[in-house]
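Trainee: Oh and the sequence shown: position 50 is 165 in our numbering, straight run, nothing missing.
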Amino acid sequence: MKVERSLQFAAPPERVREVVMDPRQLEDWVSIHQSLEDAPSGNLQKGSELTQCLKLA
Numbered sequence: 116m117k118v119e120r121s122l123q124f125a126a127p128p129e130r131v132r133e134v135v136m137d138p139r140q141l142e143d144w145v146s147i148h149q150s151l152e153d154a155p156s157g158n159l160q161k162g163s164e165l166t167q168c169l170k171l172a
């Protein structure tokens, strides 16, 4: 599955990348995030995998 979205943020690109690539911060900006079941330690990199539970209803 592939999901894409374009957004604009009032923050420097480095700060946005820092937040987006840290799976422990998902609950701060993903409104349907319920829990993080499995994620690598540290920031996500190309090829990283994680398991996230989402609240869809």
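All residues carry an ideal CB built from backbone N, CA and C; glycine is no exception.
Hey, could you find the ends of the alpha helix (DSSP H) aspartate 143 is sitting in?
Mentor: Taking the sequence shown and counting its residues from 1, the one referred to as residue 143 is at position 28. Counting along the chain, the alpha helix (DSSP H) containing aspartate 143 begins and ends at 141-144.
Trainee: Who does aspartate 137 pair with in a DSSP beta bridge?
Mentor: The residue given as residue 137 occupies position 22 in the sequence shown. Partner(s): none; aspartate 137 has no beta bridge.
Trainee: Does DSSP put glutamate 152 in a helix, in a strand, or in coil?
Mentor: Translated into the one-based positions of the sequence shown, residue 152 becomes position 37. Glutamate 152: strand per DSSP, three-state reduction.
Trainee: Would you call the CB atoms of proline 138 and leucine 159 closer than 8 Å?
Mentor: Working through the sequence shown from its first residue, we reach residue 138 at position 23. Working through the sequence shown from its first residue, we reach residue 159 at position 44. In this structure, leucine 159 lies closer than 8 Å to proline 138 by Cβ.
Trainee: For serine 150, which residues from the same chain have a beta carbon less than 6 Å from its beta carbon, with the 5 sequence-adjacent residues on both sides left out?
Mentor: Numbered from its first residue, the sequence shown carries residue 150 at position 35. Here the set comprises Cys168.
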